[in-house]
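Chemist: Be aware that the sequence shown starts at 6, since it is given in my numbering, and climbs by one per residue. Heads up, the beta-carbon is just placed ideally off N, CA and C, and yes, glycines get one too.
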Amino acid sequence: MNLLESCGELGSVVEVGCFRGVSTEAILLFAAHVTAVDPWQGLDAIYQQFVTRTAGYGNLEILRKPSLDAAEELADGSLDLVYIDGAHDEASVRADIAAWRPKVRAGRWLAGHDYSPLIDRGAVMRAIDDVLGAPHRVFEDGSWLFQC
Ligand SMILES: C[S@@+](CC[C@H](N)C(=O)[O-])C[C@H]1O[C@@H](n2cnc3c(N)ncnc32)[C@H](O)[C@@H]1O
Numbered sequence: 006m007n008l009l010e011s012c013g014e015l016g017s018v019v020e021v022g023c024f025r026g027v028s029t030e031a032i033l034l035f036a037a038h039v040t041a042v043d044p045w046q047g048l049d050a051i052y053q054q055f056v057t058r059t060a061g062y063g064n065l066e067i068l069r070k071p072s073l074d075a076a077e078e079l080a081d082g083s084l085d086l087v088y089i090d091g092a093h094d095e096a097s098v099r100a101d102i103a104a105w106r107p108k109v110r111a112g113r114w115l116a117g118h119d120y121s122p123l124i125d126r127g128a129v130m131r132a133i134d135d136v137l138g139a140p141h142r143v144f145e146d147g148s149w150l151f152q153c
């Protein structure tokens, strides 16, 4: 919530990695349009929970496919925020940043979860620091924010 509040007005937002939709629902409250990207591979019951949780929101589009496939469908410079919380290994986080950073409008936001040395042995943190330098802000829940 603190991250979302600090982003200013949000038009189009993508969340990568949505699981049960807890974070998606928070984003839905702040953004005009949200695209939820997740293959929910082998997670049909979880996907049903996501659909139930988000059923009341008219500003949601679901792309049930992997991050990199979904990124190909969106135009460069078209998004106000991409929140990355998908696969947490270092290579995947690097690939997600490379695929989604060009989709963000200049001056707007790339963000995600789990910026911590304690999570996945620091894999997420390492990938972010290597590719982006460092986030501009890190929040109490491990969310990170980078201005493009
Ligand atoms: C940590 S959970 C997301 C939690 C959610 N953001 C929340 O806070 O409520 C990680 C999610 O990433 C998804 N995921 C794994 N690989 C992915 C990929 N290549 N592209 C998009 N999502 C992926 C998983 O299916 C899972 O639902």
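For ligand 1, any of its heavy atoms closer than 7 Å to the Cβ of Trp149?
Modeler: no
Chemist: Using C-beta distances below 8 Å, list every residue in its chain close to Asp85, excluding the 5 sequence neighbours before and after it, in chain order.
Modeler: Cys12, Glu14, Leu15, Gly16, Ser17, Val18, Ala36, Val109, Arg110, Arg113 and Trp114
Chemist: DSSP on Ile32, reduced to helix/strand/coil?
Modeler: helix
Chemist: Name the residue from Asn64, Gly61, Thr40 and Arg69 whose alpha carbon lies nearest to the alpha carbon of Ile51.
Modeler: Arg69
Chemist: Assign Val39 to one of two classes, buried (16 or more other C-beta atoms within 10 Å of its C-beta) or exposed (fewer than that).
Modeler: Classification for Val39: buried.
Chemist: Three Cβ pairs or more, each shorter than 8 Å: is that satisfied between the region 114-128 and the region 78-93?
Modeler: Because the criterion of three Cβ pairs below 8 Å is met, the region 114-128 and the region 78-93 touch.
Chemist: Going by beta-carbon coordinates alone, are Asp49 and Cys23 separated by less than 8 Å?
Modeler: The answer is no: Cβ separation not under 8 Å.
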